[in-house]
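Protein chains in written order, with numbering that gives the first Met the number 0: chain V, 0 to 275; chain C, 0 to 788.
Beta carbons: idealized from backbone N, C-alpha and C, even for Gly.
Since the model is a prediction, treat every value here as computed from it, not as a measurement.
Before any comments, here is the structure.
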Amino acid sequence: MIPSKFDYVAVDSAEAAIAALTEHGDEAKLMAGGHSLIPLMKFRLANPTVVVDIGKVQDLSYINDGGDHIAIGALTRHMAVETSDLLKAEVPLLAHCASQVGDPSVRHRGTIGGSLAHSDAASDLPAALLALNGSVVAKGPSGERVIAADDLFAGFLENSLADDEMITEVRVPKMAGAGWSYQKFNRRAQDWAIVGVAAVLNGSAGVGLVNMSSMPMRASAVEEALAGGASHADAAQKAADGGTPPEDLNGDAEYRTHLAKVLVERALTEAASRKS
Amino acid sequence: MTAVMGSPRLRKEDPALLTGENKFVDDIQAVGQLWMGMVRSPFAHAKVNGINAEPAKSMPGVYAVYTGAELMDMGLWAAPLPCAWPVTPDMVNPPHYPVATDEVHHVGEIVAVVLADSRYEAADAVEKVEVDYAELPAVGSVEAALTDAATAHSDHATNKAFTWALEPNPDGVNDAFANAAHTVTGEFLQQRLIPAAMEPRGVLAIPSPHGGDITMYTSTQVPHILKVMMAATTGISEAKIRIIAPAVGGGFGAKLNVNPDESLALTLANKLGRPVRWTETRTEAAFSTHQGRGQRQKIEVAADADGKLLGVRVHLDADMGAYMMLITPGVPLLGSFLYTGVYDVPAFGFTCDGWFTNLTPTDAYRGAGRPEASYAIERAMDMLAQKVGITPEEVRRRNYLGGGDAFENLDVASTLTFDSGHYGPNLDMALNMAKIADLRAEQQRRRDAGESKQLGIGLCTYVEICGLAPSRALAGLAYGAGGWEAGTVRMLPTGKVEVVTGSTPHGQGHETSWSMIVADKLGVDPDDVEVLHSDTAISPLGLDTYGSRSLAVGGVAISMACDKVIDKARLIAAHQLEANPDDLEFESGRFGVKGSPDKGLLIQEVAYGAFTAHNLPDGMEPNINEQMVFDPPNFAFPFGTHVAVVEVDENTGETTLLDYIAVDDCGNQVNPLIVEGQVHGGIVQGVAQALFEGAEYDEDGQCKNPSFLDYLVPSAMEVPSIKTDYTYTPSTSNPMGVKGVGEAGTIGSAAAVINGICDALSPYGVSDIEMPASPMRVWKTIQDAKAGA
Numbered sequence: 000m001i002p003s004k005f006d007y008v009a010v011d012s013a014e015a016a017i018a019a020l021t022e023h024g025d026e027a028k029l030m031a032g033g034h035s036l037i038p039l040m041k042f043r044l045a046n047p048t049v050v051v052d053i054g055k056v057q058d059l060s061y062i063n064d065g066g067d068h069i070a071i072g073a074l075t076r077h078m079a080v081e082t083s084d085l086l087k088a089e090v091p092l093l094a095h096c097a098s099q100v101g102d103p104s105v106r107h108r109g110t111i112g113g114s115l116a117h118s119d120a121a122s123d124l125p126a127a128l129l130a131l132n133g134s135v136v137a138k139g140p141s142g143e144r145v146i147a148a149d150d151l152f153a154g155f156l157e158n159s160l161a162d163d164e165m166i167t168e169v170r171v172p173k174m175a176g177a178g179w180s181y182q183k184f185n186r187r188a189q190d191w192a193i194v195g196v197a198a199v200l201n202g203s204a205g206v207g208l209v210n211m212s213s214m215p216m217r218a219s220a221v222e223e224a225l226a227g228g229a230s231h232a233d234a235a236q237k238a239a240d241g242g243t244p245p246e247d248l249n250g251d252a253e254y255r256t257h258l259a260k261v262l263v264e265r266a267l268t269e270a271a272s273r274k275s
Numbered sequence: 000m001t002a003v004m005g006s007p008r009l010r011k012e013d014p015a016l017l018t019g020e021n022k023f024v025d026d027i028q029a030v031g032q033l034w035m036g037m038v039r040s041p042f043a044h045a046k047v048n049g050i051n052a053e054p055a056k057s058m059p060g061v062y063a064v065y066t067g068a069e070l071m072d073m074g075l076w077a078a079p080l081p082c083a084w085p086v087t088p089d090m091v092n093p094p095h096y097p098v099a100t101d102e103v104h105h106v107g108e109i110v111a112v113v114l115a116d117s118r119y120e121a122a123d124a125v126e127k128v129e130v131d132y133a134e135l136p137a138v139g140s141v142e143a144a145l146t147d148a149a150t151a152h153s154d155h156a157t158n159k160a161f162t163w164a165l166e167p168n169p170d171g172v173n174d175a176f177a178n179a180a181h182t183v184t185g186e187f188l189q190q191r192l193i194p195a196a197m198e199p200r201g202v203l204a205i206p207s208p209h210g211g212d213i214t215m216y217t218s219t220q221v222p223h224i225l226k227v228m229m230a231a232t233t234g235i236s237e238a239k240i241r242i243i244a245p246a247v248g249g250g251f252g253a254k255l256n257v258n259p260d261e262s263l264a265l266t267l268a269n270k271l272g273r274p275v276r277w278t279e280t281r282t283e284a285a286f287s288t289h290q291g292r293g294q295r296q297k298i299e300v301a302a303d304a305d306g307k308l309l310g311v312r313v314h315l316d317a318d319m320g321a322y323m324m325l326i327t328p329g330v331p332l333l334g335s336f337l338y339t340g341v342y343d344v345p346a347f348g349f350t351c352d353g354w355f356t357n358l359t360p361t362d363a364y365r366g367a368g369r370p371e372a373s374y375a376i377e378r379a380m381d382m383l384a385q386k387v388g389i390t391p392e393e394v395r396r397r398n399y400l401g402g403g404d405a406f407e408n409l410d411v412a413s414t415l416t417f418d419s420g421h422y423g424p425n426l427d428m429a430l431n432m433a434k435i436a437d438l439r440a441e442q443q444r445r446r447d448a449g450e451s452k453q454l455g456i457g458l459c460t461y462v463e464i465c466g467l468a469p470s471r472a473l474a475g476l477a478y479g480a481g482g483w484e485a486g487t488v489r490m491l492p493t494g495k496v497e498v499v500t501g502s503t504p505h506g507q508g509h510e511t512s513w514s515m516i517v518a519d520k521l522g523v524d525p526d527d528v529e530v531l532h533s534d535t536a537i538s539p540l541g542l543d544t545y546g547s548r549s550l551a552v553g554g555v556a557i558s559m560a561c562d563k564v565i566d567k568a569r570l571i572a573a574h575q576l577e578a579n580p581d582d583l584e585f586e587s588g589r590f591g592v593k594g595s596p597d598k599g600l601l602i603q604e605v606a607y608g609a610f611t612a613h614n615l616p617d618g619m620e621p622n623i624n625e626q627m628v629f630d631p632p633n634f635a636f637p638f639g640t641h642v643a644v645v646e647v648d649e650n651t652g653e654t655t656l657l658d659y660i661a662v663d664d665c666g667n668q669v670n671p672l673i674v675e676g677q678v679h680g681g682i683v684q685g686v687a688q689a690l691f692e693g694a695e696y697d698e699d700g701q702c703k704n705p706s707f708l709d710y711l712v713p714s715a716m717e718v719p720s721i722k723t724d725y726t727y728t729p730s731t732s733n734p735m736g737v738k739g740v741g742e743a744g745t746i747g748s749a750a751a752v753i754n755g756i757c758d759a760l761s762p763y764g765v766s767d768i769e770m771p772a773s774p775m776r777v778w779k780t781i782q783d784a785k786a787g788a
């Protein structure tokens with residue numbers, strides 16, 4: 000629980016953060032809320048030599064109406080997402096998912112950009128971004144690019160950002176009137192999901208899964224079955240298709256596979272009931 | 000003045016705790032202090048072939064690095080760490096020094112110690128110490144220990160440490176089972192639990208090299224016991240050791256030990272003339288602080304056709320872990336007397352084998368032996384009810400001691416004498432609060448409808464043994480100390496009262512409760528009473544806090560010391576009022592002369608007179624400073640009924656606690672608010688064992704869930720609003736009529752929850768489930784039952 004020695008750099012802009020990343024390369028780690036990075040450092044599982052603190056960057060905390068989507072600054076805290084009237088009206092799934100992250104202290108420190116960049120299969124927000132077909136804006140030395148949710152997650156705790164890129168904005172399509180649900184199954188309220196399911200019914204279906212693979216996963220087989228006219232119950236049977244569920248004391252592969260089916264069916268049923 | 004006793008007063012302790020004013024060990028700093036960093040074995044069982052400490056010695060800030068062999072050569076210890084409870088004369092007790100030299104016996108055992116200027120530098124240097132281990136076959140569970148295929152200590156021929164028996168009536172037990180209409184057998188695993196006090200353990204030893212004495216701050220429940228044991232094992236004079244337990248953030252038994260780190264800090268500080276400190280990390284806590292439970296239980300119950308008990312027979316295989324710590328082997332014995340529960344059992348027999356494993360040692364954890372016992376008999380009673388075809392409450396009613404009526408000083412089959420009990424009305428109150436008929440109707444409706452969420456009603460009617468302890472009873476159990484407690488009540492010149500207690504609080508609220516006892520006795524304001532504790536220089540006599548003993552022994556000592564204060568004050572008052580002492584009435588803090596309402600003295604006036612000593616009876620010593628050491632004539636036996644209402648989702652295996660009703664009886668209550676807090680916390684700790692917690696090990700003795708990521712301590716979110724009420728059956732073991740309540744909740748709750756789950760799952764043909772009843776385990780149990788049906 001005692002981290003190794005590291006240098007600490009606090010920056011006040013995205014540009015300064017990117018400059019620090021360019022200078023230090025893969026020796027450096029960005030720290031936003033710190034709720035994923037600091038525990039890893041305390042266990043000495045992550046030993047960056049430079050921590051670049053972007054928590055003081057003022058202009059990356061916002062929730063704006065972008066026309067067909069809502070734009071959320073990467074350093075927006077979960078609590079701000081959870082309580083945003085704009086998001087509650089236009090993208091209620093995201094506001095609800097943010098309310099399910101950790102506990103209140105985590106939600107007051109943790110940020111949406113940090114959570115997505117961490118790309119943890121066990122986290123709530125990546126599944127929501129997949130179900131919503133959202134995207135992120137990544138900024139690097141040579142400018143900005145937009146990365147779709149499906150292209151953001153690259154492996155176990157790995158994203159597709161370059162070493163000198165950072166997420167500056169998260170974009171989620173407006174979905175007022177669509178059906179939605181987030182089913183989070185865990186043993187304690189503060190825990191990561193054993194399995195979680197984010198579902199959106201908006202013409203087509205979007206279904207994201209938590210903890211059913213080594214990285215955040217889209218339930219493509221479920222989406223395809225629904226597109227082909229399958230009932231919710233039948234589509235839910237395909238919940239774990241293509242997944243490689245992790246095994247731990249809370250759930251082995253058999254149990255997680257079963258839970259995914261139960262929770263996908265619950266999510267689709269609830270989403271359908273909310274659709275207007 | 001309104002009544003103080005029995006009033007729900009807020010705790011005096013809380014403002015300083017809530018504002019951070021209180022100082023815990025880690026808050027205390029000493030000039031020139033060195034931080035210890037422990038090099039710990041990553042293996043459960045291994046030979047230590049060699050240690051290269053050189054790379055660590057040149058790290059920044061490092062003062063010294065000592066290997067186990069070097070520390071032994073320094074002559075720091077006169078004896079190994081103590082086990083105070085050699086339960087049998089032939090008990091195997093391998094020497095347990097603070098550091099290992101040639102062989103390690105559990106993950107986390109210390110093989111070398113770094114001393115550095117800061118905690119961070121110590122941690123960095125620990126990583127640089129190179130240890131050459133040769134792994135040995137490990138004993139990773141008590142099941143593995145039983146086979147003796149590998150032994151936890153390579154120089155032992157068997158893992159068995161002792162066999163202890165309580166068999167007052169073996170022929171009677173055999174007859175009971177021969178003549179029984181019904182027998183049930185329950186086999187239960189009491190999984191290992193990792194204690195998780197909010198404040199981790201920590202120690203700071205400060206030597207005074209020129210005064211020759213040494214002060215040790217440590218996060219402990221037992222400063223007095225620690226002082227004696229430190230003197231006995233280090234050879235440092237007891238008169239030179241001062242132990243202070245500053246603010247201590249919970250213990251639950253895990254802080255009643257004599258730990259390697261404490262002995263290292265004390266002896267190294269003494270040797271080097273520098274303050275030496277260490278604060279446990281959570282990761283270290285999972286390996287280096289003792290764990291709770293760790294028993295395999297087999298209980299057999301014999302009954303007649305009506306479900307009336309004829310006999311109970313119990314065997315335990317108890318997991319000692321790698322070493323015998325302070326009371327490791329005694330924990331199963333504390334439970335042995337309770338396997339007959341609240342029931343009239345004609346014949347009883349108990350045996351326990353203690354086994355060494357290559358796991359962290361076990362020792363006391365909230366309830367220590369009694370939650371295990373209560374669990375076994377209460378699970379067995381439910382199984383018996385099902386076999387006889389009667390309700391769980393009916394099988395209990397048919398078997399209650401005293402027929403459910405009030406009793407005092409009743410001999411029971413396990414050879415003890417229960418101080419008092421009145422079980423029938425206690426059960427009735429709980430069943431009424433739970434609205435048992437409505438619950439059963441709803442349960443039936445769900446069963447008939449085949450709903451996926453089934454309802455279960457779990458009952459536990461527990462009794463526990465606390466107020467440790469009559470010293471002679473402890474002698475009979477081969478425990479190495481007594482069970483008295485000391486209290487001093489001192490009237491100060493200005494009329495304020497100073498109380499010194501030997502019972503060491505670590506969250507229980509002694510300052511509040513002891514003030515209330517004194518206020519009630521002496522007629523003073525509770526805020527005029529100051530309670531001193533937890534420092535062996537201020538409170539030299541004491542036996543500390545564990546076994547729900549503080550009030551029933553230590554609080555009673557305070558009350559009795561107040562009687563001595565009143566006796567002396569009465570003589571002084573009578574002298575000054577020129578009255579006969581027998582003609583004085585003491586009421587609301589005033590000595591008044593019978594028949595002369597205007598003539599009297601306040602106790603504060605008497606105290607000032609005792610201080611000036613201007614006008615005392617001939618030969619009387621000045622001041623009022625009275626000490627009482629109370630050695631109780633018997634234990635106290637609190638009891639109660641807990642009802643857990645659970646909902647089990649067959650689709651996910653998830654158990655939700657819908658409601659929890661607890662009707663406890665701890666005799667007379669001093670502060671109902673503190674009782675309520677203890678009941679709530681205790682229940683949650685039992686619920687934790689039933690549903691959430693359990694240290695899981697692989698066959699190599701590696702813990703699979705040592706961090707809070709995987710070791711699930713429940714939070715307020717997982718527990719329903721608990722409904723409590725009380726019955727009041729005074730104890731006959733002390734003049735206050737009080738019983739302990741610190742462990743009662745834990746002793747009642749695990750069985751109630753698991754009985755509830757088994758009740759919910761009975762339509763599927765499920766009759767038992769192992770703890771913790773995780774959603775996966777419940778779901779798989781249902782699938783197995785369906786497949787088998």
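Under the three-state reduction of DSSP output, valine 263(V) falls in the helix class.
Within chain V, the residues Asp247 and Leu248 have their CB atoms less than 9 Å from the CB of lysine 703(C), given in chain order.
Counting of Cβ neighbours within 10 angstroms places asparagine 408(C) among the exposed residues, the total staying below 16.
Pairing proline 103(V) with methionine 78(V), the inter-Cα distance amounts to about 8 Å. Taken through DSSP and simplified to helix, strand or coil, tyrosine 727(C) comes out as coil. With its beta carbon at least 9 Å from every one in chain C, methionine 211(V) lies outside the interface.
Taking glycine 107(C) as the centre and dropping the five residues before and after it, the same chain places the C-beta of Arg39, Phe286 and Ser287 closer than 6 Å to its C-beta, in chain order.
Per DSSP, reduced to three states, the secondary structure at glutamine 443(C) is helical. Within its own chain, the residues whose Cβ lies closer than 6 Å to the Cβ of glutamate 222(V), once the five positions on either side in sequence are excluded, are Ala204 and Val206, listed in chain order. Beta-bridge partners of threonine 460(C) (DSSP): Thr640(C). Across the set Gly252(C), Ala689(C) and Lys307(C), the C-alpha of Lys307(C) shows the shortest separation from the C-alpha of glycine 388(C). For a cut-off of 8 Å, the C-beta gap from alanine 643(C) to glycine 755(C) is around 4 Å, short enough to register as a contact. Close to phenylalanine 184(V), with beta-carbon spacing below 9 Å, are these residues of chain C in chain order: Thr651, Glu653 and Pro774. In this structure, the alpha-carbon of leucine 20(V) lies about 41 Å from that of tyrosine 254(V).
Here glutamine 684(C) carries a helix assignment [DSSP, helix/strand/coil].
Put simply, the CB of aspartate 119(V) is far from chain C, with every gap to its CB atoms at 9 Å or more. For glycine 36(C), the beta-bridge partners assigned by DSSP are Val113(C). DSSP lists no beta-bridge partner residue for cysteine 96(V). The C-alpha of threonine 278(C) lies about 15 Å from the C-alpha of lysine 41(V). Under the criterion of beta carbons closer than 8 Å, tyrosine 727(C) and asparagine 667(C) qualify as touching, at roughly 6 Å.
With a cutoff of 9 Å on beta-carbon distance, alanine 180(C) and aspartate 303(C) are scored as near each other. Between the alpha carbons of serine 207(C) and isoleucine 565(C) lies a gap of roughly 41 Å. A direct Cα-Cα distance of roughly 4 Å separates glycine 736(C) from proline 729(C). Bridge pairing for proline 206(C): Ile213(C) [DSSP]. Between glycine 139(V) and alanine 121(V), the C-beta spacing is not below 9 Å.
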